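Colleague:
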Amino acid sequence: MRKVAIIGIGNTPFGELWDRSFRDIAVEAGVKAIEDAGISGDEVEALYGGNMSAGRFVEQEHIGALIADYSGLAELHIPATRVEAACASGGLALHLAFLAVASGWYDIVIAAGVEKMTDVSEDVANDLLVSSVDREWEAICGATLPALFAQMARAHMQKYGTTEEQMAKVAAKNHANAVHNPIAQYRRQLSIDAVLASPIVADPLHMLDCSSIADGASAVVLCPAEDARRYTDSPIYVKASVQASDSIALHDRREITTMDATVFAAREAYKRASIEPSQISVAEVHDSYTIAEIMAIEDLGFFDKGKGGVATLEGETEIGGKIPINPSGGLKACGHPLGATGIRQVTEIVTQLRGEAGKRQVPDASTGLTHNIGGTGGTAIVHILSTT
Amino acid sequence: MASTAKFWREQAARYNLEGTRCLTCGSFFFPPRAICPRCRRKGEIVPYRFKGTGEVITYTTVHQAPRNLNRQIPYTLAIIRLDEGTQLLSEVICDPEEIHTGMRVRAVFRKLGEEGERGIIYYGTKFVPILQT
Ligand SMILES: [Zn+2]
Chain E
6 MRKVAIIGIG NTPFGELWDR SFRDIAVEAG VKAIEDAGIS GDEVEALYGG
56 NMSAGRFVEQ EHIGALIADY SGLAELHIPA TRVEAACASG GLALHLAFLA
106 VASGWYDIVI AAGVEKMTDV SEDVANDLLV SSVDREWEAI CGATLPALFA
156 QMARAHMQKY GTTEEQMAKV AAKNHANAVH NPIAQYRRQL SIDAVLASPI
206 VADPLHMLDC SSIADGASAV VLCPAEDARR YTDSPIYVKA SVQASDSIAL
256 HDRREITTMD ATVFAAREAY KRASIEPSQI SVAEVHDSYT IAEIMAIEDL
306 GFFDKGKGGV ATLEGETEIG GKIPINPSGG LKACGHPLGA TGIRQVTEIV
356 TQLRGEAGKR QVPDASTGLT HNIGGTGGTA IVHILSTT
Chain L
2 MASTAKFWRE QAARYNLEGT RCLTCGSFFF PPRAICPRCR RKGEIVPYRF
52 KGTGEVITYT TVHQAPRNLN RQIPYTLAII RLDEGTQLLS EVICDPEEIH
102 TGMRVRAVFR KLGEEGERGI IYYGTKFVPI LQT
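Protein chains in written order, with the numbering used here: chain E, 6 to 393; chain L, 2 to 134.
(1) So what does E:I330 bridge to, in DSSP terms?
(2) Counting C-beta neighbours from all protein chains within 10 Å, is the total for L:L83 16 or more, i.e. buried, or is it exposed?
(3) So, E:D220 versus E:P342, is the Cβ gap smaller than 8 Å?
(4) Taking only three categories from DSSP, how would you classify E:D208?
(5) Quick one: is E:E353 buried, meaning 16 or more other Cβ sit within 10 Å of its Cβ, or exposed?
(6) Using the DSSP secondary-structure output, state which residues sit across from L:P130 in a beta bridge.
(7) Quick check on E:D238: buried or exposed, where buried means 16 or more other Cβ atoms within 10 Å of its Cβ?
(8) Going by DSSP, which residues form a beta bridge with E:E298?
(9) My guess is that E:G306 and E:P329 are in contact by the Cβ rule of under 8 Å, so how many angstroms apart are they, rounded?
(10) Can you give me the start and stop residues for the beta strand (DSSP E) that E:Q65 sits inside?
(11) Measuring straight from C-alpha to C-alpha, what distance separates E:G20 and E:M172?
(12) Have a look at E:D232, E:K8, E:A274, E:D29 and flag the residue whose alpha-carbon is nearest the alpha-carbon of E:A42.
(13) Assign E:M6 to one of two classes, buried (16 or more other C-beta atoms within 10 Å of its C-beta) or exposed (fewer than that).
(14) Give the single residue among E:M212, E:C92, E:K178 whose Cα lies nearest to the Cα of E:G383.
(15) Shorter than 8 Å from the beta carbon of L:P32 to some beta carbon of chain E?
(16) Can you say whether E:T393 is buried or exposed, counting buried as having 16 or more other CB atoms within 10 angstroms of its CB?
(17) If we cut at 8 Å on Cβ distances, does L:R22 have a partner in chain E?
(18) With 16 as the cutoff for other CB atoms within 10 Å, does E:L133 come out buried or exposed?
(19) Should E:C228 be labelled buried (16 or more other beta-carbon atoms within 10 Å of its own) or exposed?
(20) What are the boundary residues of the beta strand (DSSP E) that includes E:H376?
(21) Can you tell which of E:G379, E:D214, E:K8 has the C-alpha that lies nearest to the C-alpha of E:A155?
(22) Please check the pair E:L99 and E:A79, which I expect to be a contact at CB under 8 Å, by giving their CB distance rounded to whole angstroms.
(23) In whole angstroms, what is the alpha-carbon distance linking L:T102 and E:S371?
(24) With ligand 1 as the reference, list in chain order each residue whose Cβ lies under 7 Å from any of its heavy atoms.
(25) What are the residues in the region 76–96 of chain L lying within 7 Å of chain E by C-beta distance?
(26) What would DSSP say about E:P308, mapped onto helix, strand or coil?
(27) What ranges does the beta strand (DSSP E) occupy inside the region 205–281 of chain E, keeping only unbroken runs of at least 3 residues that lie completely in it?
(28) Between E:I113, E:P209, E:I296, E:H256, which has its C-alpha nearest E:R235's C-alpha?
(29) What number of angstroms, rounded off, separates the C-alpha of L:R111 from the C-alpha of E:A222?
(30) Please list the residues of the region 34–64 of chain L that have a C-beta atom closer than 8 Å to any C-beta atom in chain E, keeping them in chain order.
(31) Mind listing, in chain order, the continuous beta strand (DSSP E) runs of no fewer than 3 residues lying wholly within the region 19–73 of chain E?
(32) Figure out for me which residue from L:V47, L:F128, L:T62, L:A35 has the closest Cα to the Cα of E:P204.
(33) Reducing DSSP to helix, strand and coil, say where E:G347 ends up.
(34) Whole angstroms is fine: what's the gap from E:M162's alpha carbon to E:Q194's?
(35) Roughly how many angstroms lie between the CA atoms of L:I46 and E:L153, to the nearest whole one?
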């Protein structure tokens with residue numbers, strides 16, 4: 006297997022992009038990544054696109070070919086593949102692109118993620134989200150995504166003493182970071198009190214504990230590590246790319262307050278990268294709900310199990326803290342266009358490791374981690390990136 | 002959302018809490034599973050009708066839900082551990098203030114929802130508190 010580098014990144018703004026179609030945003034992110042890599046489009050040998058539900062959000066399937074076509078690559082006849090693992094579709098696209106380059110089969114590969122969610126009503130979008138969990142034995146019984154995460158939150162509160170204030174702090178911290186992120190949907194401060202004062206969606210989760218519906222697309226360009234300096238002075242190396250699965254339904258899990266898929270993927274990723282969690286300088290984790298960030302920073306080994314809430318409230322996950330989490334603003338403040346998120350997280354870590362994050366820069370960042378989950382943890386994908 | 006055939010297929014499980022058990026290792030499964038994750042090919046799977054009693058592991062009261070889940074808001078959901086050991090998710094019909102972790106509950110047959118305004122009504126299992134005496 007060959008070592009793999011990321012040589013280009015691109016994002017659309019995240020938010021309600023009324024004036025842009027599904028194919029517009031997919032192409033915009035891809036072109037930006039290609040320009041950032043300093044390659045020409047005809048050097049691209051394969052494309053993987055992560056997307057959860059274009060068939061239902063915009064009534065378009067077969068989007069691998071569509072994206073390649075509208076990126077001007079139709080006459081090159083490159084393999085273009087759409088992949089799906091709910092909200093982890095983006096992370097999965099990168100994992101498969103990584104394997105394609107590492108194996109030696111292709112040299113230059115694009116991994117993209119895209120979701121156009123605002124062409125349907127919020128009500129329909131929220132129902133489509135439930136497709137990421139067990140439709141037959143969770144949704145039909147009345148489960149929504151917030152209702153499932155609320156049950157994790159309740160169990161975490163009862164088992165470890167986690168509080169609503171600690172969860173609200175996740176949102177406040179991520180919004181503070183997003184103020185300095187030009188692609189974020191919500192570039193404004195949010196106080197803990199405002200989160201706690203927002204309406205209850207499923208108790209104990211408030212509306213502002215939940216990430217938002219958004220449109221957006223992100224892309225990265227990969228090449229063999231040995232070729233990377235031909236294209237860029239600041240290649241970022243993929244030290245580990247690991248995918249794991251678990252029961253689709255929350256009630257079938259071994260434990261409600263831990264995502265075993267995250268634990269498994271992280272353990273394997275640390276082993277492959279030959280590092281410890283304490284050596285990670287910065288991480289982008291899947292904060293689709295505030296409790297999910299608290300569980301993630303425990304399951305990834307940054308804090309002992311049950312201590313994630315306290316650590317968050319004490320500022321240990323802020324920029325300048327022990328382990329800065331979600332300097333981009335996370336899913337909470339960037340917005341969560343499902344298939345795009347896993348790639349957007351990687352573009353943030355690449356930006357941080359290049360030292361190009363401006364006012365949200367984590368000092369001396371040399372090794373970063375991304376954590377992307379599908380549904381309530383039926384899939385987890387962990388990437389470890391490094392400057393060396 | 003759900004088609005008539007889809008409901009008809011799952012009727013035994015939804016109406017009667019019919020699942021399966023593995024005779025090799027003694028595990029119980031709801032909804033019914035054809036493969037025991039512990040024994041796999043060595044497993045011997047037979048039908049099993051659950052007693053329908055258990056306790057609340059965690060819960061939430063839902064105040065906002067997509068329209069096509071067809072629920073009267075608010076409603077209370079819980080993950081319930083059946084006395085046989087397997088877990089499921091269900092609505093619990095009770096006062097939201099009343100529910101708590103460890104609460105004993107039992108299965109009852111109720112309307113789950115309906116398809117559209119004039120569509121078929123579908124039924125299944127919900128849970129209610131067991132009154133302590
Ligand atoms: Zn068995």
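Using N, Cα and C, we set each Cβ at its ideal position, and we do this for glycine too. Please read all numbers here as calculations on a predicted model, not as lab measurements.
Modeller: Checking against the coordinates, here is how it stands:
(1) Position 325 of the first sequence, counting from 1, holds the residue named residue 330 of chain E. For E:I330, which the question treats as bridged, DSSP gives the partners E:A288.
(2) Residue 83 of chain L sits at position 82 when you count from the first residue of the second sequence. With 16 or more other Cβ atoms within 10 Å, it is buried.
(3) Counting from 1 along the first sequence, the entry for residue 220 of chain E is found at position 215. Counting from 1 along the first sequence, the entry for residue 342 of chain E is found at position 337. For E:D220 and E:P342, yes; Cβs fall inside 8 Å.
(4) Here the question's residue 208 of chain E lines up with position 203 in the first sequence. Here E:D208 sits in coil by DSSP.
(5) Along the first sequence, read from residue 1 onward, the residue named residue 353 of chain E stands at position 348. Buried.
(6) The count along the second sequence starts at 1 and reaches residue 130 of chain L at position 129. Note: L:P130 sits in a beta bridge opposite L:V106.
(7) In the first sequence, residue 238 of chain E corresponds to position 233, counting from 1. Counting Cβ neighbours within 10 Å, E:D238 comes out exposed, since fewer than 16 surround it.
(8) The sequence position of residue 298 of chain E within the first sequence is 293, counting from 1. According to DSSP, E:E298 bridges with nothing at all.
(9) Looking up residue 306 of chain E in the first sequence gives position 301. Looking up residue 329 of chain E in the first sequence gives position 324. Not a contact, Cβ separation roughly 16 Å.
(10) In the first sequence, the residue the question calls residue 65 of chain E occupies position 60. It is not in any beta strand (DSSP E) - E:Q65 carries neither H nor E in the DSSP assignment.
(11) Numbered from 1 along the first sequence, position 15 holds the residue referred to as residue 20 of chain E. Numbered from 1 along the first sequence, position 167 holds the residue referred to as residue 172 of chain E. About 23 Å.
(12) The residue labelled residue 42 of chain E in the question sits at position 37 within the first sequence. E:A42 has its Cα closest to that of E:D232, out of E:D232, E:K8, E:A274, E:D29.
(13) Position 1 of the first sequence, counting from 1, holds the residue named residue 6 of chain E. It counts as exposed.
(14) To locate residue 383 of chain E, count along the first sequence from 1; it is residue 378. For the residues E:M212, E:C92, E:K178, the minimum Cα distance to E:G383 belongs to E:C92.
(15) Within the second sequence, residue 32 of chain L is the residue found at index 31, counting from 1. With 8 Å as the cut-off, L:P32 counts as an interface residue toward chain E.
(16) Indexing the first sequence from 1 puts residue 393 of chain E at position 388. Exposed, by the Cβ-count rule.
(17) By one-based count along the second sequence, residue 22 of chain L stands at place 21. No, no contact with chain E.
(18) Within the first sequence, numbered from 1, the residue matching residue 133 of chain E stands at position 128. With 16 or more Cβ atoms within 10 Å of its Cβ, E:L133 is classed as buried.
(19) Translated into the one-based positions of the first sequence, residue 228 of chain E becomes position 223. Classification for E:C228: buried.
(20) In the first sequence, counting from the first residue as 1, residue 376 of chain E sits at position 371. That run of the beta strand (DSSP E) goes 372–379.
(21) Sequence index remark: in the first sequence, residue 155 of chain E carries index 150 (1-based). Of the candidates E:G379, E:D214, E:K8, the one whose C-alpha sits nearest the C-alpha of E:A155 is E:D214.
(22) Indexing the first sequence from 1 puts residue 99 of chain E at position 94. Indexing the first sequence from 1 puts residue 79 of chain E at position 74. With a Cβ gap of about 23 Å, E:L99 and E:A79 do not count as contacting.
(23) On the second sequence, residue 102 of chain L is found 101 positions in, with the first residue counted as 1. On the first sequence, residue 371 of chain E is found 366 positions in, with the first residue counted as 1. Looking at the two C-alpha atoms, the distance is approximately 44 Å.
(24) L:C23, L:T25, L:C26, L:S28, L:C37, L:R39, L:C40, L:G44
(25) Y76, L78, I80, Q88, L89, L90, S91, E92
(26) If you number the first sequence from 1, residue 308 of chain E lands on position 303. Here the sequence assigns Phe to residue 308 of chain E, which means Pro is not the residue at that position. Reduced to three states, the DSSP call for E:F308 is coil.
(27) 205–207, 221–229, 241–250
(28) As a working note, residue 235 of chain E is residue 230 in the first sequence. If we check each option's Cα against that of E:R235, E:I113 comes out closest.
(29) Residue mapping note: residue 111 of chain L aligns to position 110 of the second sequence, counting from 1. Residue mapping note: residue 222 of chain E aligns to position 217 of the first sequence, counting from 1. One C-alpha to the other measures close to 44 Å.
(30) I58, T59, Y60, T61, T62, V63, H64
(31) 51–55
(32) Stepping through the first sequence from its first residue, residue 204 of chain E is reached at position 199. The option with the nearest alpha carbon to E:P204 is L:T62.
(33) One-based indexing of the first sequence puts residue 347 of chain E at position 342. E:G347: helix per DSSP, three-state reduction.
(34) Counted from its first residue, the first sequence places residue 162 of chain E at position 157. Counted from its first residue, the first sequence places residue 194 of chain E at position 189. So the alpha carbons of these two residues sit roughly 26 Å apart.
(35) Along the second sequence, read from residue 1 onward, the residue named residue 46 of chain L stands at position 45. Along the first sequence, read from residue 1 onward, the residue named residue 153 of chain E stands at position 148. Going by the C-alpha atoms only, they are around 29 Å apart.
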